[in-house]
Structures are given as structure tokens and as C-alpha cells.
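Quick notes on the structure that follows.
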Amino acid sequence: MSTAIVLGASFAGLAAAATLRKHFDEVLILERDTSDIERHGAPQQKQLHGLLNRGLCVMDKIAPGYRKNLIRAGAVETQSGRDWFAFFKYGKLKRHNSKMKIICASRALLERTFRETVLQQPDIKIEYNRVVKDIVLS
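Count along the sequence shown from 1, add 929, and you get the number used in the numbering used here.
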């Protein structure tokens, strides 16, 4: 049986685990934080984040059901230009209809939902409170 080990359950670690599952029998994620409630090592946990459509499409391909799970968890789908507008040094952009959609949520919600979606795969496991001190290659 082949096992891939991923260090860290950040977005990158979770995406790596979801991708590696296609090439290994099982994937084990080692996370230094003590639980999945809040990753203390992750910055901007409570700030509003905007996930652009292309990024969301890629993440939904890596972890099928992510978009649906985000909306179900409370993320809001917005439309750039109509629901958002930007202020610059010389004024603000006029509101307009745009086809660009943005999913808005806190980083904590985006990451927690991605983690839950990735971990729905039975061949991906996570162990919390694991500090890796050294890597030994064989």
C-alpha cells in the first residue's frame, strides 16, 4: 500500500492531498494545530475574502461539491460591478453589470468548507497536533 504524507492542512496542503489521492492508495495530512475549528497559524481568519470564479472552478474540480458546500455553509455569491464597487484615489468605479461572480466568506469558512469537502474522500485522513521536526529520506 502506498501512502503520501502532506505537511499542513492549509489550502495548499488540502489541494495537494486531494490531488495526490489519484496517485496513492491513501493520503495522510499532518497538521500542527490542535483542531479544525480555527487554525491559529493562518492569517486573516475573520476578514472577508473574495474567491473568484476561476479559482472556485479549480477548487471544485479538485474537491467536487466545494461550491455547493460553500453556499450551504453561508457563503454569498456576488456579482462584480453590481454588488461590489471600488474606491480609488480619484473616485469610484461606476456600478455596472458584470458576468464575473465572486464567492464571499471569511477565510475560516472558505478553508473549513474546503477541508470538510476534501476529507469526505475515504482515502484522505488528517491528524491534528502533529509537529514535524525533521524529514528523513530513505
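Even for Gly, the Cβ is constructed at its ideal location relative to N, Cα and C.
Within 8 Å, strictly: CB atoms of residue i and residue j
i: residue 940; j: residue 995; result: no
i: residue 1068; j: residue 1065; result: Outside the modelled stretch of the chain, which goes from 930 to 1067, sits residue 1068, for which no answer is possible.
i: residue 1034; j: residue 984; result: no
i: residue 998; j: residue 1046; result: yes
i: residue 982; j: residue 930; result: no
i: residue 944; j: residue 991; result: yes
i: residue 1032; j: residue 980; result: yes
i: residue 1057; j: residue 932; result: no
i: residue 950; j: residue 1049; result: no
i: residue 1084; j: residue 946; result: In the structure as shown, the chain starts at 930 and stops at 1067, and residue 1084 therefore has no counterpart that could be examined.
Per-residue burial, residue i [other beta carbons within 10 Å of its own, 16 or more giving buried]
i: residue 1005; result: exposed
i: residue 1041; result: buried
i: residue 1009; result: buried
i: residue 987; result: exposed
i: residue 1039; result: buried
For residue i, the residue or residues it bridges with in DSSP
i: residue 1064; result: According to DSSP, residue 1064 bridges with nothing at all.
i: residue 955; result: 932
Near the ligand MN: residue i beta-carbon under 7 Å from a heavy atom
i: residue 1050; result: As far as ligands go, the structure on display features none, and thus does not contain the ligand MN.
Given 8 Å, three or more beta-carbon pairs between the segment 944 to 962 and the segment 1004 to 1018: Output reads no: the segment 1004 to 1018 does not touch the segment 944 to 962.
Ordered list of beta strand (DSSP E) runs contained in the segment 989 to 1061, each at least 3 residues: Assignment of beta strand (DSSP E) within the segment 989 to 1061, counting only whole runs of 3 or more residues, yields 1005 to 1008, 1030 to 1035 and 1053 to 1056 in chain order.
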